[in-house]
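The C-terminal position of the sequence shown is numbered 134 in numbering that gives the first Met the number 0, with every residue numbered one higher than the one before it.
Glycine residues also receive a C-beta, built at the ideal position from the N, C-alpha and C atoms.
Inspection log for the structure reproduced underneath, given as structure tokens.
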Amino acid sequence: MITCLGFDPGRDKCGVAVMNGDRLLYHAVILSEDVKSKLPQLCADYDVQQVVMGNQTTSKQWYESLHEYLPAHIPLTLVNERNSTAEARERYWQLYPPQGLGRLVPLGLRTPPRAVDDIVAIVLIERHLAAIASG
């Protein structure tokens with residue numbers, strides 16, 4: 000299994016996740032200004048072999064700048080980001096099941112209490128791995 004870093008780019012904040020196969024190793028929402036220092040550190044800490052990034056919001060600018068400070072031997076692949084935020088909102092409740100009366104609220108009416116950009120990064124990694132597996 001390869002270790003992938005997923006990156007959901009944004010103007011003010013970005014989602015980051017690291018997975019080895021289906022095992023989640025790390026995930027966080029970070030400030031855009033911290034990406035330049037945080038991503039290379041995560042690549043080193045987790046021996047990342049592949050970086051995947053969403054192909055929508057601000058991706059063109061991020062794609063070019065990531066090549067400046069990510070290790071050159073790590074490939075950077077764009078992944079279809081369409082509907083990933085909606086999928087991440089649903090996944091949030093799988094990772095963090097509601098407690099108390101919140102369990103009675105239908106899934107479609109629940110709003111996660113925090114940004115889900117890191118969970119979008121998880122979804123991007125999973126989409127990339129699924130595309131590889133399907134050939």
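My output table needs one value for G153: the three-state DSSP class, helix, strand or coil. Nothing about residue 153 can be read from this structure; the chain reaches only from 0 to 134.
Which residue's Cα is closest to the Cα of T84: A114, L41, L128 and L4? Along the sequence shown, read from residue 1 onward, the residue named residue 84 stands at position 85. Out of A114, L41, L128 and L4, the CA that lies nearest to the CA of T84 is found in A114.
Of the choices R109, F6 and L94, whose alpha-carbon is the least far from that of D33?
As a position in the sequence shown, residue 33 is number 34, starting the count at 1. The alpha carbon of D33 has as its nearest neighbour, out of R109, F6 and L94, the alpha carbon of F6.
Going by DSSP, what residue range makes up the alpha helix (DSSP H) through Q49? For the purposes of this step, residue 49 is identified with residue 50 of the sequence shown, where counting begins at 1. Element bounds for Q49: not the alpha helix (DSSP H) but the beta strand (DSSP E), Q49 to G53.
- Any idea if R10 is buried or exposed, counting beta-carbon neighbours within 10 angstroms, 16 or more meaning buried? Position 11 of the sequence shown holds residue 10. Exposed.
With a CB to CB cut of under 8 angstroms and the five nearest residues on each side skipped, what residues in its chain are close to M52? Your numbering for residue 52 matches position 53 in the sequence shown. So the list reads G5, F6, D7, P8, S58, W61, Y62, L65, L75, T76, L77, V78 and L123, once near-sequence residues are dropped.
If we count the other Cβ atoms within 10 Å of its Cβ and call it buried at 16 or more, is R126 buried or exposed?
On the sequence shown, residue 126 is found 127 positions in, with the first residue counted as 1. Classification for R126: buried.
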